[in-house]
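J.:
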Amino acid sequence: MRDPKDITIEEFTLMADLADLGMDQAELEELKPIYDLYAEYARQLHTIEFGSEEMVVEFRPDWPGS
Amino acid sequence: MAANSELYFLTIHQAGEMIRNGELSPVELTRACLERIEQTDDRLNSFILLTADDALREARIAESEILSGNYRGNMHGIPFALKDLYDTAGVRTTSGSQVDIDRVPTEDATTTAGLKAAGGILLGKLAMHEFALGGPDWTTPFEPARNPWNLDHITGGSSSGSGSAVASGQALGALGSCTGGSIRGPASLCGIVGLKPTYGRVSRFGVVTLSWSQDHAGPMTWTVEDTAYMLQAIAGHDPKDPTSSRAPVPDYSRSLREDIRGVRLGLPRHYFFDPDPSVNPEVVAAVEKAVNELESLGAHVEEVELPSLEHIRAANSVIMVSEAYAYHEPNLKTRPQEFGEIVRGRFRVGALMSAADYLQAQRVRTWARREFADVMKNVDLLVTPTMTQPAAAFEGYDPSSTVMGRSFTAPFNVTGLPAISVPCGFTEDGLPIGMQIAGKPFDEPGVIQAAYTYQQHARLYETRPSI
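These protein sequence lines map, in sequence, to chains A and B.
Heads up: the first sequence begins at 42 in my numbering, then just goes up one per residue.
Heads up: the second sequence begins at 22 in my numbering, then just goes up one per residue.
Next up, the structure:
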């Protein structure tokens with residue numbers, strides 16, 4: 042993943058448009074530093090070496106309430 | 022600091038004994054709390070809504086029931102309050118937001134109903150950070166709650182009013198909710214006890230969602246025994262909550278024993294105790310001292326390694342905003358201006374996280390759960406500071422600081438393990454410090470017993486804030 046701080050405001054505007062967030066330019070510029078904080082966390086998550094053990098996202102087939 | 026001589030400073034345990042013995046009327050106690058609120062809430066801002074008339078009516082009913090010999094237990098006739106995201110039938114529930122400013126639920130949350138069924142007297146609805154995230158935020162409709170130990174300081178959040186109300190004697194107990202630390206955080210910063218139970222132990226039905234898979238409901242009280250009593254009233258399986266556990270509910274009052282001999286305490290020093298720019302050394306020193314005291318009382322202390330801790334904060338944050346966006350998306354798109362600035366921004370970030378980000382966070386969760394389970398084969402409890410810092414001053418406070426640095430509470434939201442914060446000292450400036458004790462899944466009894474043992478030894482509950 043790219044360093045969030047390298048994402049330009051134009052690219053960030055496109056991302057927000059694709060997500061249909063309906064934000065004006067002032068809001069986008071205000072949001073970008075907050076996005077950078079969270080995106081850095083997301084980037085961190087993609088750097089983890091889990092090793093040989095499979096780290097699954099679980100699904101349980103039992104019916105609700107059972 | 023103040024002594025505990027006033028009626029409104031009675032604990033649930035003390036008041037319950039007096040009510041049961043006919044020495045105290047629930048009406049008298051409820052009036053004392055309402056007067057205390059009237060005298061102090063212009064400075065504390067703990068309450069969003071008072072239900073004084075309903076409270077006095079319920080207190081009279083409780084009094085009549087008790088006089089008739091129908092005493093229901095520890096919570097009967099006890100005034101309590103709710104963070105304003107617990108649904109209350111016929112009573113406005115705002116989640117601290119303009120978005121829900123006129124929302125009046127038709128049904129009680131299961132927890133609200135549990136406390137009422139136990140005979141509790143609802144005083145009103147408490148201040149909170151909007152939709153349980155961020156804050157304090159002056160762009161929401163309500164003034165932020167203030168810390169009773171120093172009004173110039175924050176309470177912590179998001180259960181801000183719960184912290185200030187209980188510490189100041191406005192209510193004998195309160196419920197908070199917790200997705201990354203919102204029960205233990207304000208408990209630690211306000212010098213009270215707060216318990217985040219095991220995920221699934223307490224129903225989330227009727228508690229407005231922030232993050233389905235990380236939200237927990239739990240009690241905030243002055244003492245550990247009061248937390249045990251409130252937990253008893255709200256714990257148990259709820260068919261209305263699909264994540265509710267069927268694990269049997271023990272009698273938590275049996276854990277109110279001063280005995281920690283032979284209990285194995287694990288200290289993950291590398292994350293919670295070793296120097297870090299985001300951690301206040303005064304906080305760590307106070308918890309080190311408390312751990313030494315537990316050791317002197319017979320506990321065995323050993324260091325443990327949990328490498329996943331370095332990534333849990335990231336997982337907690339990504340899961341939180343992703344799930345929050347999914348829940349709030351319709352309102353964010355149709356009336357975004359009704360959200361406060363902080364929450365609107367953070368929720369919108371959730372729309373910009375990818376599926377791969379969310380799934381990677383869930384994989385970290387799997388890793389952490391396995392790792393904690395492995396380590397806790399050899400220790401009974403984990404002991405840590407609750408917060409990285411004491412309560413910050415409002416002046417110059419940057420709410421985005423809560424997004425950065427270490428989180429000592431989030432690991433137990435990600436893993437779902439039960440964790441309590443119990444007061445363990447004060448800073449030189451007189452601000453409270455909390456110690457966190459976490460246990461294995463559904464070992465609330467072990468967590469409560471350890472916290473109770475420490476509390477009875479330290480006796481910090483004898484001193485209240487002066488306000």
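Ideal placement from N, C-alpha and C gives every residue a C-beta, glycine not left out.
Everything numeric in this text was worked out from a predicted model, so none of it was measured.
Where does the unbroken alpha helix (DSSP H) through ILE50 (chain A) begin, and where does it stop?
T.: Taking the first sequence and counting its residues from 1, the one referred to as residue 50 (chain A) is at position 9. Per DSSP, ILE50 (chain A) belongs to the alpha helix (DSSP H) from 50-59.
J.: Need the endpoints of the beta strand (DSSP E) that VAL322 (chain B) sits in, please.
T.: Position 301 of the second sequence, counting from 1, holds the residue named residue 322 (chain B). Element bounds for VAL322 (chain B): 321-324.
J.: With PRO240 (chain B) as the anchor, note down where its beta strand (DSSP E) starts and where it stops.
T.: As a working note, residue 240 (chain B) is residue 219 in the second sequence. From DSSP, the beta strand (DSSP E) with PRO240 (chain B) extends over 237-242.
J.: Can you tell me which of B:SER274, B:ALA320, B:LYS310, B:ASP297 puts its alpha carbon nearest to the alpha carbon of ARG282 (chain B)?
T.: Here residue 282 (chain B) corresponds to residue number 261 of the second sequence, with the count starting at 1. Checked all of B:SER274, B:ALA320, B:LYS310, B:ASP297; the closest Cα to ARG282 (chain B) is B:ALA320.
J.: Contact check, SER198 (chain B) vs SER180 (chain B) under 8 Å by CB: the rounded distance?
T.: In the second sequence, the residue the question calls residue 198 (chain B) occupies position 177. In the second sequence, the residue the question calls residue 180 (chain B) occupies position 159. So it is a contact: roughly 6 Å between Cβ atoms.
J.: Under a Cβ-count criterion, where at least 16 other Cβ atoms within 10 Å of its own Cβ denotes burial, should PRO205 (chain B) be classed as buried or exposed?
T.: Start at 1 with the first residue of the second sequence, and residue 205 (chain B) comes out as number 184. Here residue 205 (chain B) is Arg; the residue named in the question, Pro, does not match the sequence. So ARG205 (chain B) counts as buried.
J.: Per DSSP, what kind of secondary structure is TYR92 (chain B) in: helix, strand or coil?
T.: Here the question's residue 92 (chain B) lines up with position 71 in the second sequence. Three-state DSSP puts TYR92 (chain B) in coil, outside helix and strand.
J.: Quick check on ASP354 (chain B): buried or exposed, where buried means 16 or more other Cβ atoms within 10 Å of its Cβ?
T.: Reading the second sequence from its first residue, position 333 is the one you call residue 354 (chain B). With the sequence shown as reference, residue 354 (chain B) is identified as Lys, and Asp is not the correct amino acid for it. Exposed, by the Cβ-count rule.
J.: Excluding five sequence neighbours on each side, which residues of the same chain lie with their C-beta closer than 6 Å to the C-beta of THR264 (chain B)?
T.: Walking along the second sequence from the start, residue 264 (chain B) turns up at place 243. If we look at THR264 (chain B) and ignore the five residues flanking it on each side, its Cβ neighbours are GLY221.
J.: For PRO105 (chain A), go through chain B and note every residue whose CB falls closer than 7 Å to its CB, in chain order.
T.: Here residue 105 (chain A) refers to the residue found at position 64 when the first sequence is read from its first residue. Neighbours of PRO105 (chain A) on chain B, chain order: PRO263.
J.: Which residue spans inside the stretch 283-321 of chain B form an unbroken alpha helix (DSSP H) run of at least 4?
T.: Runs found: 290-293, 302-317.
J.: Count the other CB atoms, across all protein chains shown, that sit within 10 Å of the CB of GLY2 (chain B); report buried if there are 16 or more and exposed otherwise.
T.: Outside the modelled stretch of chain B, which goes from 22 to 488, sits residue 2 (chain B), for which no answer is possible.
J.: So what does DSSP say about PHE463 (chain B), is it helix, strand or coil?
T.: On the second sequence, residue 463 (chain B) is found 442 positions in, with the first residue counted as 1. Coil at PHE463 (chain B), not helix or strand.
J.: I need the straight-line Cα distance from THR160 (chain B) to GLN119 (chain B), nearest angstrom please.
T.: Looking up residue 160 (chain B) in the second sequence gives position 139. Looking up residue 119 (chain B) in the second sequence gives position 98. Approximately 10 Å, taken between the alpha carbons.
J.: What residue range does the alpha helix (DSSP H) around ALA138 (chain B) cover?
T.: To locate residue 138 (chain B), count along the second sequence from 1; it is residue 117. Residues 131-138.
J.: Distance check for PHE53 (chain A) and LEU59 (chain A), CA to CA, integer angstroms please.
T.: Translated into the one-based positions of the first sequence, residue 59 (chain A) becomes position 18. Translated into the one-based positions of the first sequence, residue 53 (chain A) becomes position 12. Using only the alpha carbons, I get a separation of about 10 Å.
J.: What are the start and end residues of the alpha helix (DSSP H) that includes ALA186 (chain B)?
T.: Reading the second sequence from its first residue, position 165 is the one you call residue 186 (chain B). Unbroken alpha helix (DSSP H) run through ALA186 (chain B): 181-188.
J.: Taking Cβ to Cβ, would you say LEU231 (chain B) is nearer than 8 Å to ALA153 (chain B)?
T.: By 1-based counting over the second sequence, the position of residue 231 (chain B) is 210. By 1-based counting over the second sequence, the position of residue 153 (chain B) is 132. In this structure, ALA153 (chain B) lies closer than 8 Å to LEU231 (chain B) by Cβ.
J.: Please classify PRO406 (chain B) as buried or exposed, where buried requires at least 16 other C-beta atoms within 10 Å of its C-beta.
T.: Sequence index remark: in the second sequence, residue 406 (chain B) carries index 385 (1-based). Looking at its Cβ environment, which holds 16 or more other Cβ atoms inside 10 Å, PRO406 (chain B) is buried.
J.: Can you give the Cα-Cα distance for LEU252 (chain B) and PRO240 (chain B), rounded to whole angstroms?
T.: Residue numbering aside, residue 252 (chain B) sits at position 231 when the second sequence is read from its first letter. Residue numbering aside, residue 240 (chain B) sits at position 219 when the second sequence is read from its first letter. So the two alpha carbons sit approximately 6 Å from each other.
J.: So for ARG386 (chain B), helix, strand or coil by DSSP?
T.: In the second sequence, the residue the question calls residue 386 (chain B) occupies position 365. DSSP places ARG386 (chain B) in helix when its eight states are reduced to three.
J.: Going along chain B in order, which residues have a C-beta closer than 7 Å to the C-beta of PHE100 (chain A)?
T.: Residue mapping note: residue 100 (chain A) aligns to position 59 of the first sequence, counting from 1. Under the 7 Å cutoff, chain B gives no residues; its nearest Cβ is about 11 Å from PHE100 (chain A).
J.: Does chain A have any CB closer than 8 Å to the CB of ILE488 (chain B)?
T.: Translated into the one-based positions of the second sequence, residue 488 (chain B) becomes position 467. No - not a single Cβ of chain A is within 8 Å of the one on ILE488 (chain B).
J.: How long is the line joining the alpha carbons of ARG390 (chain B) and GLU49 (chain B), rounded to whole angstroms?
T.: In the second sequence, the residue the question calls residue 390 (chain B) occupies position 369. In the second sequence, the residue the question calls residue 49 (chain B) occupies position 28. Whole-angstrom Cα-Cα distance: 48 Å.
J.: In chain order, what residues of the stretch 369-399 of chain B put their CB closer than 8 Å to some CB of chain A?
T.: Listed by position, the residues of the stretch 369-399 of chain B near chain A (Cβ gap below 8 Å) are ARG369, VAL370, ALA372, LEU373, MET374, SER375, ALA377, ASP378, LEU380, GLN381, ALA382, GLN383, ARG384, VAL385, THR387, TRP388, ARG391.
J.: My understanding is that GLY202 (chain B) touches THR436 (chain B), with C-beta atoms under 8 Å, so please give their C-beta distance in whole angstroms.
T.: For the purposes of this step, residue 202 (chain B) is taken as the residue at position 181 of the second sequence. For the purposes of this step, residue 436 (chain B) is taken as the residue at position 415 of the second sequence. Not a contact, Cβ separation roughly 13 Å.
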